[in-house]
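Colleague: Chains as they are written, first to last, in my numbering: chain A, 21 to 450; chain B, 21 to 450.
There are 2 protein chains.
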Amino acid sequence: MNLFSMNNESLESFKNDVQKQYNDYKSLGLKLDMSRGKPCAEQLDLSFELLDCLTSKEDFICANSLDCRNYGMLDGIPEAKELFAPMIGVGSDEIIIFGNSSLNAMFWTVQTAYTHGILGSKPWKDCGTVKFLCPVPGYDRHFKVTEFFGIEMINIPMTETGPDMDMVEKLVSEDESVKGIWCVPQYSNPDGISYSDETVKRFAALKPKASDFRIFWDNAYCIHHLVDEPRYILNILEEAKKCGNEDIVYVYGSTSKITFPGAGVAVMGASRKNIDSLKSYLGISIISYDKLNQLRHVKYFGDFNGMLAHMEKHKAVLAPRFNAVIDALEEEIAPLGIGSWVKPDGGYFISFNSLDGCAKRIVELCREAGVVLTDAGATFPYGKDPDGKNIRLAPTYPSLDELKKAMEVFVCSVKLASAEKLLSERTVSC
Amino acid sequence: MNLFSMNNESLESFKNDVQKQYNDYKSLGLKLDMSRGKPCAEQLDLSFELLDCLTSKEDFICANSLDCRNYGMLDGIPEAKELFAPMIGVGSDEIIIFGNSSLNAMFWTVQTAYTHGILGSKPWKDCGTVKFLCPVPGYDRHFKVTEFFGIEMINIPMTETGPDMDMVEKLVSEDESVKGIWCVPQYSNPDGISYSDETVKRFAALKPKASDFRIFWDNAYCIHHLVDEPRYILNILEEAKKCGNEDIVYVYGSTSKITFPGAGVAVMGASRKNIDSLKSYLGISIISYDKLNQLRHVKYFGDFNGMLAHMEKHKAVLAPRFNAVIDALEEEIAPLGIGSWVKPDGGYFISFNSLDGCAKRIVELCREAGVVLTDAGATFPYGKDPDGKNIRLAPTYPSLDELKKAMEVFVCSVKLASAEKLLSERTVSC
């Protein structure tokens with residue numbers, strides 16, 4: 021029965037039942053973590069043999085005859101460029117292979133624009149107000165980077181087809197201080213929404229007022245599918261080229277959720293003009309990244325098809341976890357009308373929207389019962405969710421049994437917080 | 021016979037002989053590289069087993085029970101802190117373990133000071149003129165970092181005991197715009213000079229006018245000895261603590277020249293106050309560095325003594341190379357009085373000072389005969405050697421046979437350039 025349809029007495033009794041249930045969970049002393057998009061041990065085990073790929077001294081010589089153990093090859097080894105270029109949809113001359121962190125590559129790109137500008141434009145530090153558009157809910161670590169550099173963040177609502185493009189187009193074309201937008205175009209973090217073809221085309225065709233406006237296209241989950249016949253998003257760099265707009269986008273990706281989060285390979289793609297300019301900056305800060313790890317990935321996967329085959333194994337581990345979350349929500353929350361969500365076809369998260377203003381209380385209840393969730397508000401710039409309703413659920417890290425238990429606590433907490441809210445509103449209106 | 025003592029006729033004849041010799045070398049079509057401080061293949065082979073250290077799934081769990089394959093541990097795994105702390109002379113709570121590049125750690129530290137200041141001070145970008153002291157000759161990549169951020173560089177002459185400390189003390193204590201100094205305190209790049217105890221103590225006791233002045237103590241060659249009983253420099257952080265001055269220094273090191281230049285581990289040490297502040301910035305830019313590579317190093321070396329034992333193997337490979345360079349200089353150049361150098365007890369370079377103004381010509385002659393040296397001037401800020409005499413020789417990368425051949429070309433080029441210079445001066449003065 022929908023919670024809104026209950027009379028005060030039924031609602032009070034519902035709340036008391038849920039409170040008892042909650043107290044029981046609390047007494048279990050659980051320690052469960054659904055806070056971050058961390059692969060589980062079972063996933064990490066999938067890539068065990070990656071670590072055993074360099075077994076003879078001949079293995080170290082890469083396609084250009086250089087020794088990968090030594091200095092050099094600032095932008096990566098040729099084989100790694102070949103392997104990863106199709107992953108992020110760029111040519112092998114449009115890519116830089118970084119270290120183990122695409123977040124670090126993004127931070128560095130923003131920092132470089134801040135201190136030195138983009139393709140000869142004024143450094144952002146000297147531009148007065150600089151603004152970024154932030155589709156919300158979004159990824160907290162993106163927002164922290166822009167906040168760090170004092171960049172003003174503007175919320176852009178997400179729709180089922182991606183960010184609200186009318187708003188994006190208007191702000192980008194009219195305001196020269198708008199210098200960038202954070203995007204997770206495939207299986208967005210946390211909504212799991214993949215941008216429609218129209219959305220990608222409209223991004224590619226943007227006519228920014230600022231020549232140094234860039235789309236930060238964090239394609240973190242580009243091949244991280246949960247379904248057998250996934251829909252791929254359009255290739256942004258290709259579309260941008262069709263519009264004569266190829267310098268507008270920086271594309272990022274990594275193997276953090278393909279091999280190892282701590283020891284994968286991060287990459288960045290862009291037009292050759294962008295790449296050449298960025299490389300000239302990069303060479304000041306480092307001589308080369310870890311090419312042995314690049315080589316490991318090349319030898320382990322062989323080619324991009326090898327990566328796709330490997331992702332099937334991740335899917336087999338993850339799909340049941342996502343199903344467990346969705347099942348719990350559909351069974352326990354849907355009938356009560358106290359929350360909404362989308363079942364994602366890939367990625368790492370499920371985005372749960374509670375009744376307005378309940379997110380913080382739900383997260384608090386869960387924490388007190390031993391289930392750690394991402395902080396309420398974290399999916400918004402400055403940690404401020406205007407409706408106080410979004411909670412990011414990360415189902416990958418716990419075991420399936422733990423996850424089911426955590427979801428019991430979660431749905432119980434949602435019920436309790438919702439009943440509390442409805443009752444307190446009725447009291448107020450009396 | 022000293023070249024200066026020759027009459028014009030003898031000098032002309034000397035020059036003609038050397039020119040013939042040079043032409044013969046040139047006709048050989050050599051391809052030799054003494055330009056960078058790169059380990060040779062024989063050295064890289066020494067660490068082959070490092071790559072085979074992670075063989076069971078239990079290996080991935082580190083001292084704090086966390087899985088090194090996953091996200092987390094921003095500042096490094098506990099075991100790596102224990103291993104590397106004694107290498108750079110700090111406590112295991114005074115260290116951050118970075119990725120594969122100490123240059124990158126230095127760049128990041130300067131960038132952070134530039135954009136966000138140090139311990140609450142004004143960001144350097146807002147300080148107007150910012151100056152760094154640069155002991156010369158020095159490391160070109162240091163100078164490139166400060167140049168990148170528009171920092172004005174002031175040459176500080178090196179003496180046999182380290183930088184001219186009278187000059188350092190005066191500038192640091194009188195000029196608030198002096199915010200840092202680049203130091204390679206043990207086996208300096210390129211002179212191979214180790215700072216005396218007095219020099220280290222004077223550094224530790226500096227009373228900077230600027231509270232955000234830092235000593236960038238790049239201890240790149242801290243255990244890279246070429247002699248059996250090396251002299252260790254004093255511990256700068258300990259000395260600074262004695263003076264109540266512990267926040268004044270950032271210490272850097274790496275295994276780039278211990279295991280692999282492309283795939284080693286870089287570290288930074290400082291006071292806990294500095295480290296805590298830097299960690300809060302670091303967490304914006306990355307979730308964690310490659311902890312599997314940290315673990316490999318821990319398992320491979322066991323402890324710091326294991327690293328010291330490993331360095332003995334490097335010494336066995338490198339000492340004959342350094343001897344070959346010194347022998348060639350002593351036999352061929354010393355009698356002629358046309359150059360000076362110091363035989364280093366460790367490190368990666370030999371610093372050759374030609375007659376004033378001859379460095380560029382010598383490097384050019386070598387290049388034309390197929391021997392690549394570091395560009396003349398590279399050892400000075402902005403690439404400007406005021407006396408035009410310093411050439412950095414990097415003997416590690418070529419094989420011993422190649423090196424001997426390269427040194428034949430080098431001494432021949434020195435003779436030719438010196439004779440050219442002396443003859444042209446005599447013509448002018450006629």
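No residue lacks a Cβ here, since even glycine has one placed at the ideal position from N, Cα and C.
On a predicted model such as this, the values are computed, not experimentally measured, just so you know.
With H, G and I counted as helix, E and B as strand and the rest as coil, what does DSSP make of P451 (chain A)?
Modeller: No information on residue 451 (chain A) is available, as it lies outside the stretch 21 to 450 that chain A covers here.
Colleague: Which of the three DSSP states, helix, strand or coil, is assigned to E172 (chain A)?
Modeller: DSSP, read as helix, strand or coil, puts E172 (chain A) in strand.
Colleague: Roughly how many angstroms separate the alpha carbons of A61 (chain B) and E29 (chain B), rounded to a whole number?
Modeller: 47 Å
Colleague: In the DSSP assignment, find the unbroken beta strand (DSSP E) run with C203 (chain A) in it and report its ends.
Modeller: 198-203
Colleague: Can you give me the C-alpha to C-alpha distance between M327 (chain A) and G109 (chain A), rounded to a whole angstrom?
Modeller: Each residue's alpha carbon lies about 14 Å from the other.
Colleague: Can you tell me the Cα-Cα spacing of D87 (chain A) and A348 (chain B), whole angstroms?
Modeller: 29 Å
Colleague: Using a Cβ-Cβ cutoff of less than 8 Å, which residues in the same chain neighbour L71 (chain A) once the five nearest sequence positions on both sides are dropped?
Modeller: Residues of the same chain with a CB within less than 8 Å of the CB of L71 (chain A), apart from the 5 flanking positions on each side, are R316 in chain order.
Colleague: Can you pull the DSSP bridge partners for P177 (chain A)?
Modeller: P177 (chain A) has A:V156 as its beta-bridge partners, per DSSP.
Colleague: Does N124 (chain B) come within less than 8 Å of chain A when only Cβ atoms are used?
Modeller: Yes, because at least one Cβ of chain A sits closer than 8 Å to the Cβ of N124 (chain B).
Colleague: Should N43 (chain A) be flagged as near chain B, meaning a C-beta pair shorter than 8 Å?
Modeller: The beta carbon of N43 (chain A) does not come within 8 Å of any beta carbon belonging to chain B, so the residue lies off that interface.
Colleague: Roughly how many angstroms separate the alpha carbons of P157 (chain A) and C203 (chain B), rounded to a whole number?
Modeller: 47 Å
Colleague: Within the continuous beta strand (DSSP E) that includes W237 (chain B), where are the two ends?
Modeller: 234-238
Colleague: With a threshold of 8 Å between beta-carbons, can T129 (chain B) be considered close to chain A, or not?
Modeller: T129 (chain B) does not count as touching chain A.
Colleague: In angstroms with no decimal places, state the Cα-to-Cα distance between T416 (chain B) and L423 (chain B).
Modeller: 9 Å
Colleague: Report the residue from A:K311, A:L413, A:E102, A:S121 whose alpha carbon sits nearest the alpha carbon of D323 (chain A).
Modeller: A:E102
Colleague: Hey, which unbroken runs of the alpha helix (DSSP H) at 4 residues or more fall wholly within the stretch 334-406 of chain B?
Modeller: 379-388
Colleague: Run the CB neighbour count on Y402 (chain A), radius 10 Å, all protein chains shown included, and call it buried at 16 or more, exposed below.
Modeller: exposed
Colleague: For the ligand NAD, any of its heavy atoms closer than 7 Å to the Cβ of S276 (chain B)?
Modeller: Inclusion of the ligand NAD in the displayed structure is not the case, the ligand content being empty and no account of it being possible.
Colleague: Is the Cβ of N209 (chain B) closer than 8 Å to any Cβ of chain A?
Modeller: Not one chain A Cβ lies under 8 Å of N209 (chain B).
Colleague: When burial is assigned at 16 or more other CB atoms within 10 Å of the CB, is K51 (chain A) buried or exposed?
Modeller: exposed
Colleague: Could you check if A336 (chain A) is buried or exposed, using at least 16 other CB atoms within 10 Å of its CB as the buried criterion?
Modeller: exposed
Colleague: D458 (chain B) lies in the alpha helix (DSSP H); which residues open and close that run?
Modeller: Residue numbering for chain B in the displayed model covers 21 to 450; residue 458 (chain B) lies beyond these limits and cannot be assessed.
Colleague: Go through its chain and collect everything with a Cβ distance to I306 (chain B)'s Cβ below 8 Å, but skip five positions before and after it.
Modeller: L94
Colleague: Looking at the structure shown, is P59 (chain A) part of a helix, part of a strand, or coil, going by DSSP?
Modeller: Three-state DSSP puts P59 (chain A) in coil, outside helix and strand.
Colleague: With distances taken from CA atoms, which of B:N175, B:F342, B:T275 is nearest S121 (chain B)?
Modeller: B:T275
Colleague: Along chain B, which residues have their Cβ under 7 Å away from the Cβ of V165 (chain A)?
Modeller: Chain order gives the chain B residues near V165 (chain A) as I304, where near means a beta carbon separation below 7 Å.
Colleague: On the three-pair Cβ rule with 8 Å, is the stretch 249-257 of chain B touching the stretch 131-138 of chain B?
Modeller: Verdict: no, contact absent.
Colleague: Go through its chain and collect everything with a Cβ distance to Y215 (chain B)'s Cβ below 7 Å, but skip five positions before and after it.
Modeller: T181, G182, P205, I253
Colleague: Report the residue ranges of all alpha helix (DSSP H) runs contained in full by the stretch 59-131 of chain B; include only those spanning at least 4 residues, in chain order.
Modeller: 61-66, 98-108
Colleague: Quick one: list the residues of chain B neighbouring K311 (chain A), beta-carbon separation under 8 Å, in chain order.
Modeller: G282, A283
Colleague: So, W144 (chain A) versus K199 (chain A), is the Cβ gap smaller than 8 Å?
Modeller: yes
Colleague: Scan the stretch 21-49 of chain B for residues whose Cβ lies nearer than 9 Å to a Cβ of chain A and list them as they occur along the chain.
Modeller: Taking a C-beta cut-off of 9 Å against chain A, none of the residues of the stretch 21-49 of chain B qualify.
Colleague: Against S121 (chain B), what residues of chain A qualify as contacts under a CB-to-CB distance less than 7 Å, listed in chain order?
Modeller: I306, I307
Colleague: Compute the Euclidean distance between the alpha carbons of T394 (chain A) and I268 (chain B), then round it to the nearest angstrom.
Modeller: 38 Å
Colleague: With a cut-off of 8 Å, do at least 3 Cβ pairs link the stretch 383-390 of chain A to the stretch 30-39 of chain A?
Modeller: No, the stretch 383-390 of chain A is not in contact with the stretch 30-39 of chain A.
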